[in-house]
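In order, the protein sequence lines correspond to chains A and B.
Residues in the first sequence are numbered consecutively from 11, following the numbering used here.
Residues in the second sequence are numbered consecutively from 12, following the numbering used here.
Quick reminder that beta carbons are idealized off the backbone N, C-alpha and C, glycines included.
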Amino acid sequence: MSLDLSKMRNIGISAHIDSGKTTLSERILFYCNRIHSIHEVRGKDGVGATMDSMDLERERGITIASAATSVTWKDHEINLIDTPGHVDFTIEVERSLRVLDGAILVLCSVGGVQSQSITVDRQMNRYHVPRIAFINKCDRTGANPYRVVHQLREKLNLNAVMMEIPIGLEDKLKGVVDLVTMEAVYFDGPNGEVIRREPIPASLATEAALKREELIDKASSFSDELMEAALSGEEISEDLIKAAVRKGTLSLKLCPVFMGSAHCNKGIQVLLDGVVSYLPDPTEVENRALDLDDNEKEIVLQPDSAMGAVVLAFKLEDGQYGQLTYIRVYQGIVRRGDELVNTRTRRKFRVGRLIKMHASEMEDIQEANCGEIAALFGIDCASGDTFCGSGLSYAMTSMFVPSPVISLAIYPKDKKSQDNMSKALNRFTKEDPTFQTYVDQESGQTIIKGMGELHLDVYVERMKREYNAEVTVGKPQVAYREAISERADFNYTHKKQTGGSGQFARVAGFIEPFTPDEDAEGLDKEYQFANEVKGGAIPTEYIPSCDKGFQQAIKRGPQLGFPIVGVKCTINDGAFHPVDSSDMAFQTAAIMAFKEAFPKAKPIILEPIMKVEIEGPTEFQGAIFGTINQRRGMIISSTEDGAITQIDAEVPLAEMFGYSTVLRSMTQGKAEFTMELDHYSKVPASVVDDLKKEFADKKK
Amino acid sequence: MFENSINGGLGRGNLGVLASRHGVGKTACLVHLATDKLFQGEHVVHVSFNGNVEHVMNWYKEVFREISEYKSLDDAFEVYNAMRANRVVMNFSQENISVDKILQSLETLIKQGSFSADTIFFDGYKLTMATEEDVRKIKEFAKAMNVEVWFSVSPIRPDVSFDEYGVPDSMKPYFNLVDVLIGLKYNDEKSKVIMTVVRDHDRNLPKPTGVALNPKTMLISE
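Next up, the structure:
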């Protein structure tokens with residue numbers, strides 16, 4: 011295997027639903043395998059030629075099932091990493107983006123930049139992923155790649171530059187003009203595998219020259235050489251343009267645009283050339299980790315095989331041979347038999363079987379070099395864990411994990427289902443940090459929590475299919491938060507003298523709302539503690555006890571039993587007893603003091619507000635507006651583009667249950683929506699009363 | 012100050028126009044007018060045609076930030092959130108969309124979306140390309156819905172000449188339908204954008220508003 015990192019590309023393909031992501035992946039696999047097969051299985055050309063879409067279909071099943079697939083294109087190794095589409099699975103998207111070095115953004119030539127394209131683009135920006143765009147479906151009626159390029163510039167603010175222009179459009183799509191080499195490229199043969207390069211047809215010569223000028227103009231801001239060459243009117247070499255475009259792409263300041271039609275087998279090979287020419291190799295991307303031994307100091311990882319290994323487990327898969335863990339090596343080298351440490355659990359393990367996934371088979375390998383994507387068998391870990399070689403204790407920069415907003419009680423149908431259910435839950439929580447589960451102490455119910463109705467639905471469905479666990483589900487429950495809106499004082503004395511040693515503690519102070527810093531994480535976001543006790547009214551050793559007591563108190567708010575957030579507890583006075591005061595006594599006193607002050611602090615309830623995006627035919631606009639209005643929603647904007655309207659709104663999650671059914675039936679299934687958590691906001695007084703009543707009923 | 016100079020505002024059912032050359036700052040000015048309405052607790056629809064809702068949102072954010080700094084608002088965050096709930100941005104990315112369609116969508120929003128709009132702002136509508144009939148329809152709509160309608164207008168055609176207040180002559184055919192017409196013009200000497208009321212309801216006499224804008228912030232500077 012080649013260890014030349016400059017010939018390796020780790021890329022993902024992202025797109026809005028129905029832009030042809032899968033078809034494109036299929037074709038890439040097909041063309042890359044094809045080169046393999048000519049090489050290896052000579053004489054089976056007949057098989058290749060008659061390979062119909064059914065076979066491709068079967069191959070597709072494999073692409074979807076495997077998280078990462080290696081293919082070879084012109085002696086470059088390309089690792090295709092699967093990125094799921096739906097926002098409920100954002101965490102998975104973000105995790106795969108973390109692993110990618112570059113991406114292909116697929117757009118439909120008719121639909122253009124759609125809502126999901128915008129989301130994906132935003133995520134790519136966050137992880138600094140260089141990208142090239144591919145305008146697919148140029149054979150469709152109404153195809154207009156020029157409009158899509160315009161939208162890339164307008165809506166995504168990308169410095170999009172056309173690398174090709176189409177030869178014919180819609181059903182007359184014949185090929186593309188390569189603006190770098192200034193040749194017309196045609197794709198012959200039953201599967202478009204034969205590339206024919208010819209002079210540009212006369213009818214397109216002017217346009218091609220014009221667009222090439224634009225390309226050189228944009229590229230020359232990344233290369234002085236090119237700029238000089240262009241100004242002096244010299245013949246401009248291909249390499250010069252490619253180098254400049256590459257530089258621009260890597261710095262995220264340029265987005266080369268390719269086009270074609272995956273379905274009609276047009277333009278894919280040129281796109282693959284583009285991947286090789288313009289997307290970065292693993293050495294060109296800076297990756298960072300946190301050194302756990304050095305106060306989480308940020309370090310830049312070196313793609314150097316001589317250094318200690320740093321590996322990220324980015325996806326788990328349950329295969330027939332047990333758990334398959336997909337890894338990316340960021341630094342050093344991983345060999346069979348090496349000992350690695352999981353820095354989260356601090357557990358050591360030995361690397362057993364190490365494999366690489368190819369389109370249809372797995373290949374056993376002896377080692378995985380830095381930059382490579384591979385998979386391990388039989389490692390017990392959670393996805394997102396970092397493994398390190400001896401002596402190192404790094405964690406790959408912790409990814410932002412949003413807390414769940416919705417919960418659901420699930421009941422197994424029988425004993426067998428119960429066993430399977432716990433197996434399934436154990437597995438899912440490892441795979442997905444936004445999916446959590448616990449057993450409610452009071453009711454004994456198993457509760458699952460996640461990012462949305464669909465998110466939980468999918469897991470319930472998977473339990474049934476993959477683990478044979480039949481469960482019934484309860485009503486979804488929104489994860490509310492409780493908070494206070496005013497300062498309130500407390501002064502509480504805890505006294506107990508019923509035989510044995512007594513308990514005594516007095517705490518005084520106040521609670522007040524606070525706004526956390528933007529970069530605060532974990533508990534710091536929700537709670538603060540301050541000690542202003544003077545003159546030893548409370549002995550120093552009992553101060554942490556008070557802190558603990560308050561932390562205990564905020565876990566379950568008195569209004570609805572949900573956690574309390576954004577509260578700062580300050581103690582400024584107290585009293586103790588030389589014999590009867592204890593850690594426990596002060597904790598209890600703090601809990602009781604909090605309970606005393608809370609109702610006086612004008613308590614409020616916060617609810618998750620979702621950012622909802624609805625896309626559908628314009629004729630249903632009114633009906634959609636109506637549904638938002640009925641749901642205490644707020645319309646932010648609407649964008650009409652021909653027959654399609656996109657509506658952005660903010661709606662409380664509590665009102666969104668069952669919305670997909672309502673929307674579907676109202677629009678004859680023509681509208682779709684996505685939502686994600688935006689922020690928490692105060693629940694209106696009228697709704698609070700209902701919630702309180704419900705809570706009281708539940709308690710009975 | 013601005014409202015005073017046009018006799019206490021535009022009034023419901025009426026059309027107002029901000030006209031200027033390209034790039035003088037009509038959008039900023041329009042967003043300012045809208046923000047002003049929002050501060051008064053009114054409901055506003057912003058109709059844009061440039062295809063990027065985010066741009067428009069950023070204008071509002073920016074203008075609000077400047078005003079809140081100027082007024083040194085304590086509860087800026089809450090005020091902004093309250094205002095956000097009263098504002099809808101409607102965007103039409105399709106080229107050459109008909110007036111009927113726009114009005115239909117607006118009516119849908121107001122009626123079915125139960126959004127009781129007080130003022131509608133058309134940002135960048137090609138009023139100069141519209142027929143007299145179109146403008147009449149918009150005016151009828153304003154009357155029927157009982158809303159104020161403001162336009163920002165700058166002609167794209169290069170052959171249009173501008174008068175001394177920054178109003179293009181291609182506006183002339185609709186003079187009678189427009190209730191308030193304001194010209195924006197950049198004044199080199201003062202480095203300010205000068206606002207002039209060219210037409211105020213039934214009076215055609217141009218008079219300076221006495222309002223000049225800082226071209227950077229678009230905040231009223233005089």
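Whole-angstrom distance between residue j and residue i, CA atom to CA atom
| i | j | result |
| --- | --- | --- |
| Arg136 of chain A | Glu617 of chain A | 27 angstroms |
| Glu463 of chain A | Tyr490 of chain A | 15 angstroms |
| Ser24 of chain A | Ser163 of chain B | 39 angstroms |
| Gly22 of chain B | Phe144 of chain A | 50 angstroms |
| Glu89 of chain B | Arg76 of chain B | 13 angstroms |
| Asp395 of chain A | Tyr340 of chain A | 13 angstroms |
| Arg674 of chain A | Ala681 of chain A | 7 angstroms |
| Gly194 of chain B | Cys40 of chain B | 11 angstroms |
| Pro155 of chain A | Ser119 of chain A | 5 angstroms |
| Ile38 of chain A | Pro200 of chain A | 16 angstroms |
| Arg19 of chain A | Leu282 of chain A | 11 angstroms |
| Tyr196 of chain A | Gly178 of chain A | 12 angstroms |
| Glu623 of chain A | Val661 of chain A | 10 angstroms |
| Val28 of chain B | Ala113 of chain A | 46 angstroms |
| Lys320 of chain B | Ile142 of chain A | Coverage of chain B is limited to positions 12 through 233, which leaves residue 320 of chain B absent and any answer about it impossible. |
| Met237 of chain A | Thr259 of chain A | 17 angstroms |
| Leu189 of chain A | Lys112 of chain B | 40 angstroms |
Local Cβ density within 10 Å of residue i, reported as buried at 16 or more and exposed below that
| i | result |
| --- | --- |
| Met594 of chain A | exposed |
| Gly545 of chain A | exposed |
| Asp424 of chain A | exposed |
| Glu496 of chain A | exposed |
| Glu36 of chain A | buried |
| Ser63 of chain A | Residue confidence for Ser63 of chain A is low, a pLDDT of 39 falling below 50, so the modelled location carries little weight; the figure read from the coordinates is stated next. Classification for Ser63 of chain A: exposed. |
| Asp131 of chain A | buried |
| Thr355 of chain A | exposed |
| Thr447 of chain A | buried |
| Asn25 of chain B | buried |
| Val220 of chain A | Here residue 220 of chain A is Leu; the residue named in the question, Val, does not match the sequence. Burial call: exposed. |
| Ala240 of chain A | buried |
| Glu296 of chain A | exposed |
| Pro486 of chain A | buried |
| Asn187 of chain B | exposed |
| Glu551 of chain A | exposed |
Beta-carbon contacts of residue i that lie in its chain and below 6 angstroms, excluding the five residues immediately before and after
| i | result |
| --- | --- |
| Asp348 of chain A | Val361 |
| Arg346 of chain A | Val361, Leu364, Gln376 |
| Phe152 of chain B | Leu114 |
| Phe40 of chain A | none |
| Ala434 of chain A | Met473, Tyr477, Ala479 |
| Tyr336 of chain A | Ala77, Ala78, Phe324, Lys325, Ala385 |
| Ile45 of chain A | Confidence at Ile45 of chain A is low in this model, with a pLDDT of 44, below 50, so the placement of that residue is unreliable and no value is reported for it. |
Rounded distance between the beta-carbons of residue j and residue i, thought under 8 angstroms
| i | j | result |
| --- | --- | --- |
| Tyr421 of chain A | Val488 of chain A | Not really, about 20 angstroms apart at Cβ, beyond 8 angstroms. |
| Met711 of chain A | Thr444 of chain A | There is no way to answer for residue 711 of chain A, as the model of chain A reaches only from 11 to 710. |
| Leu402 of chain A | Val321 of chain A | Their Cβ separation, rounded to whole angstroms, is 10 angstroms, which puts Leu402 of chain A and Val321 of chain A out of contact at 8 angstroms. |
| Lys276 of chain A | Leu166 of chain A | The pair is not a contact, with the Cβ atoms about 24 angstroms apart (cut-off 8 angstroms). |
Near the ligand GTP: residue i beta-carbon under 7 angstroms from a heavy atom
| i | result |
| --- | --- |
| Ala599 of chain A | In the structure shown, the ligand GTP is absent, as is every other ligand, since no ligand is present at all. |
Sequence-distant residues of the same chain with beta carbon closer than 8 angstroms to residue i, five excluded per side
| i | result |
| --- | --- |
| Ala405 of chain A | Ala299, Leu300, Leu302, Glu306, Thr353, Arg354, Thr396 |
| Leu214 of chain A | Ile175, Ile177, Val187, Ala194 |
| Lys17 of chain A | Asp85, His86, Glu87, Asp291 |
| Ala540 of chain A | Lys578, Cys579, Thr580, Ile581 |
Proximal residues to residue i (C-beta, below 7 angstroms), its chain only, five neighbours per side dropped
| i | result |
| --- | --- |
| Gln279 of chain A | Tyr41, Ile205 |
| Gln312 of chain A | Gln341 |
| Gly152 of chain A | Val120 |
Contacting positions in the region 105 to 122 of chain B - beta carbon closer than 7 angstroms to chain A:
Cβ contacts with chain A: Gln105, Ser116, Thr119, Leu120.
Got a sec: which bits of the region 106 to 131 of chain A sit with their beta carbon under 7 angstroms from any beta carbon on chain B, in order along the chain?
Legend: CB atoms of the region 106 to 131 of chain A lying less than 7 angstroms from CB atoms of chain B are not found in any residue.
Please list, in chain order, the residues of the region 81 to 104 of chain B that have any C-beta partner in chain A closer than 7 angstroms.
Under the 7 angstroms Cβ criterion, the region 81 to 104 of chain B contributes Ala96, Val99, Val100, Met101, Asn102, Phe103, Ser104.
Taking a cut of 8 angstroms between CB atoms, which residues from the region 621 to 654 of chain A lie near chain B?
Listed by position, the residues of the region 621 to 654 of chain A near chain B (Cβ gap below 8 angstroms) are Thr628, Gln631, Gly632, Ala633, Phe635, Gly636, Ile638, Asn639, Met644, Ile645, Ile646, Ser647, Ser648, Thr649, Glu650, Asp651, Gly652.
Contact residues within the region 154 to 165 of chain A, judged by C-beta distance below 8 angstroms to chain B
Interface annotation for the region 154 to 165 of chain A against chain B: Gln161, Glu164, Lys165, criterion Cβ-Cβ distance under 8 angstroms.
If the cut-off is 8 angstroms on Cβ atoms, which residues from the region 26 to 60 of chain B count as contacting chain A, listed in chain order?
Listed by position, the residues of the region 26 to 60 of chain B near chain A (Cβ gap below 8 angstroms) amount to none.
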